[in-house]
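Read left to right, the sequence shown gives residues 618 to 1173 (the numbering used here).
Here the structure comes first, spelled out in structure tokens, and everything after it is commentary.
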Amino acid sequence: MAYYPPGSTRLICRCKLASAVQKVWLPAPPQEQQLWSSAATAARALALSLVLEQLLRVCPGVKKVYVLVRPKRGVFPHERLQRLLAGPLFHLHQQGQVGKPSQCIIEALEGDILQPACGLSPEDQRRLHSEVDLVVHAAASIKFEDHIHQSLLHNYVATRHVADLAGEMSHAKALVHISTAYVNSHLPKGSLVHERIYPLSIPTTAQHRAQLTHAQVHEPPPKAAVRVADEADPAAELAARGPVPGTAGRPGSWHAELAGRLLSLPSDEPDVQAQRLLRHTGFPNAYCLTKHMAEALLAERHLKPCPVAIVRPSIIGSVALRPLPGYVGNKSGATGAALAIATGLAAYTCHQPKNPIDIVPADLVASAVLACAAEAMQGHLNSHASPSIVHVCTSDCHPITTAQFYTGILAYFARHPPPHRLALGRYPQYGGRNIVGAGWQLTCRNAAENVKFATVAAVLRVGGQGRAASQVLSGWKAWRTYNTPALDFNLRFEVSRLEHLEARLDPGERSDQLKLSWDPEVDSWEDYMAVYMGGLDRFCFKREPLAPAAPAQVRV
618 MAYYPPGSTR LICRCKLASA VQKVWLPAPP QEQQLWSSAA TAARALALSL VLEQLLRVCP
678 GVKKVYVLVR PKRGVFPHER LQRLLAGPLF HLHQQGQVGK PSQCIIEALE GDILQPACGL
738 SPEDQRRLHS EVDLVVHAAA SIKFEDHIHQ SLLHNYVATR HVADLAGEMS HAKALVHIST
798 AYVNSHLPKG SLVHERIYPL SIPTTAQHRA QLTHAQVHEP PPKAAVRVAD EADPAAELAA
858 RGPVPGTAGR PGSWHAELAG RLLSLPSDEP DVQAQRLLRH TGFPNAYCLT KHMAEALLAE
918 RHLKPCPVAI VRPSIIGSVA LRPLPGYVGN KSGATGAALA IATGLAAYTC HQPKNPIDIV
978 PADLVASAVL ACAAEAMQGH LNSHASPSIV HVCTSDCHPI TTAQFYTGIL AYFARHPPPH
1038 RLALGRYPQY GGRNIVGAGW QLTCRNAAEN VKFATVAAVL RVGGQGRAAS QVLSGWKAWR
1098 TYNTPALDFN LRFEVSRLEH LEARLDPGER SDQLKLSWDP EVDSWEDYMA VYMGGLDRFC
1158 FKREPLAPAA PAQVRV
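Dropping the structure here:
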């Protein structure tokens, strides 16, 4: 999470981004990403790190940035922050090409967004209340197999704590929340998802008991469980539900009632009810549902007292351009999938070749966050009845397909195999046995791979390689979780608001500083995949990346 004090960046509506933001608060994700873990808080940590880097580079007038950091393994918050600033992402600052981050400008505050008031001391709370004018919230957990309690705490309750604190800041001009494009993954495959909050048909308490408590988990969801009405007003829908007991008098807080019900259940019960709820609503996992709930909460907080902007990135990839092409910073999301394919952990997929895999370069996400922040801080959202929602996606403007993603990975590592690979011989061509059906074929292949990797892990442990064995098993588990029909979303995301923001940038910022959209006339997926895989080589395999191939060599 980040707080920007009043008066420091330029942007939007022909004004400079660097003049809009002055003091910022950045609440950081509660934990860091570990190798091969499917919990992708790190993807948001990368986005937040890039927001910080861009803020310091593009907005030299920023006066103060407070970064909320939780102590970890005996390392104090200021030490963790200094490690980040000393990393490769800030190389332009370290080399003096742009202003060097100053401890006077950036300050780590010890806290925990899972706690009320974000775990801040009374003194730090007073400072934020009187100084900060921008709050950027990115912390989340996308561990798809997480217990529903954990998903609710990290994605919903933490967001409520941040919103509560932001609401008490006397100078706050904007709250920017980094969400995910997949908050609407309950929509039918092939849908075009618009930049708005779609209402859900959530059972009332009585309906919940009747429909969920006594329903069988294997029963199919009602066909009308999810109501998607293009002209429906989500705010009116929520307000029509009336006040809910125990939600501080906020009308229409169906999300608060639902969260309270699930969190109050013993730890062995809510997952069963969560599965029933997911079937009822059509969401593929608790992560997407709880992020949707968080957006509904923030919609109620819009203009109470400050405007809310919600940035929805899709799958975050490496940096494309600035400040460091190919930088990945973690092994989650698309990076984890690419590593699994490169090392032989992922030998097949059930995702269809022609479906879009909506990857967006990480630097585009950071630029969009700053653009949304500046627009909100300059008052352009004060007349809007609902939050500004901006998709940072590529599927509707310049898509990359599953086949292109796989081919880009295999093409690179066929020429430059990684140091460790769980397969022999040449890399296979994409197609044929790489693609399996979503039914019995996938079940049989998964069962065979379970045995294979359990055997590999056992051999590694006998050889004294316990850490490597754990990495193999966790990597395979992460890929198996991702490689499901439910996560082959096949959705397209409207980017009208993103294009609108980019058009309103100052010309100098649009050409030299910020890139918001992926342009089919300028940006090549083939080139990007080569840069991306080179980043995996440099930052994951710790070796020099391969020189770019001639076009004829890039085919597998």
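The beta carbon of each residue, even a glycine, is placed where N, CA and C say it ideally should be.
Is the Cβ-Cβ distance between residue i and residue j less than 8 angstroms?
i, j, result
"Phe1070", "Val1089", "yes"
"Ala1086", "Arg1097", "no"
"Leu956", "Cys676", "no"
"Ala873", "Ala891", "no"
"Leu1133", "Ala985", "yes"
"Val1007", "Trp1135", "no"
"Tyr773", "Leu726", "no"
"Leu882", "Leu987", "no"
"Ala964", "Ala1040", "yes"
"Ala783", "Leu792", "yes"
"Leu920", "Ala780", "no"
"Val1175", "Pro930", "Beyond the ends of the chain as shown, which are 618 and 1173, falls residue 1175; an answer cannot be given."
"Asp1105", "Gln1021", "no"
"His794", "His754", "yes"
"Trp1142", "Ile974", "no"
"Asp885", "Ile765", "no"
"Leu663", "Asn947", "yes"
"Pro705", "Leu941", "yes"
"Trp1093", "Leu962", "yes"
"Gln1012", "Phe900", "The amino acid occupying residue 1012 in the given sequence is Ser; Gln does not appear at that position. Cβ distance not < 8 angstroms, so Ser1012 and Phe900 don't count as in contact."
"His778", "Pro733", "yes"
"Gly713", "Leu685", "no"
Is residue i helix, strand or coil when you go by DSSP?
i, result
"Pro1124", "helix"
"Ile723", "strand"
"Thr1011", "coil"
"Ala1164", "coil"
"Phe1110", "strand"
"Pro705", "helix"
"Lys1069", "helix"
"Leu894", "helix"
"Arg929", "strand"
"Lys1094", "helix"
"Val986", "helix"
"Lys689", "strand"
"Arg1155", "helix"
"Thr1018", "strand"
"Ser747", "helix"
"Val810", "strand"
"Arg631", "The pLDDT assigned to Arg631 is 33, lower than 50, so where the model puts this residue is not dependable, and the model offers no usable value."
"Asp888", "helix"
"Ser768", "helix"
"Lys908", "helix"
"Glu785", "coil"
"Ser949", "coil"
"Ile1026", "helix"
Looking at the strands, I want to know which residues DSSP matches up with residue i.
i, result
"Ile958", "Ile958 is not bridged to any residue."
"Leu1174", "Here the chain covers residues 618 to 1173 and nothing more, so residue 1174 does not appear."
"Pro978", "Note: Pro978 sits in no beta bridge, so no partner."
"Ile1006", "Ile927"
"His794", "His754, Ile927"
"Thr966", "Ile1052"
"Pro973", "Thr1018"
Taking the alpha carbon of residue i as the reference point, which residue from the options has its own alpha carbon closest?
i, options, result
"Phe1030", "Glu917, Leu1118, Pro1045", "Pro1045"
"Pro1004", "Ser796, Ser666, Ala664", "Ser796"
"Leu817", "Pro1124, Gln995, Leu673, Ser870", "Ser870"
"Ala789", "Gly1151, Ala991, Phe1110", "Ala991"
"Pro1102", "Asn972, Ala1164, Gly953, Asp1123", "Asn972"
"Ser1000", "Ala734, Ser1012, Pro924", "Pro924"
"Glu917", "Gly943, Arg1062, Ile814, Pro1124", "Ile814"
"Met786", "Gln767, Glu748, Val686, Gly704", "Glu748"
"Leu672", "Leu698, Lys689, Val686, Ile723", "Ile723"
"Glu1066", "Leu804, Thr1011, Thr966, Gly736", "Thr966"
"His594", "Cys905, Lys760, Asn1051, Gly728", "With the chain covering only 618 through 1173, there is no way to say anything about residue 594."
"Tyr944", "Ala734, Ala703, Met1150, Gln732", "Met1150"
"His997", "Ala926, Lys760, Tyr1047", "Ala926"
"Asn1107", "Ser768, Pro805, Arg687, Arg697", "Pro805"
"Leu1118", "Leu1163, Val982, Thr1019", "Val982"
Report, in whole angstroms, the separation of the C-beta atoms of residue i and residue j, which I expect to be a contact under 8 angstroms.
i, j, result
"Val928", "Asp980", "About 14 angstroms; that fails the 8 angstroms criterion."
"Cys1014", "Val1112", "6 angstroms"
"Pro1035", "Ala959", "5 angstroms"
"Arg1114", "Glu812", "5 angstroms"
"Met910", "Gly1025", "About 35 angstroms separates the two Cβ atoms, so there is no contact after all."
Tell me whether residue i counts as near the ligand MG, meaning its Cβ is closer than 7 angstroms to at least one heavy atom of that ligand.
i, result
"Ala1028", "Questions concerning the ligand MG fall outside what the structure shown contains, since it holds no ligand whatsoever."
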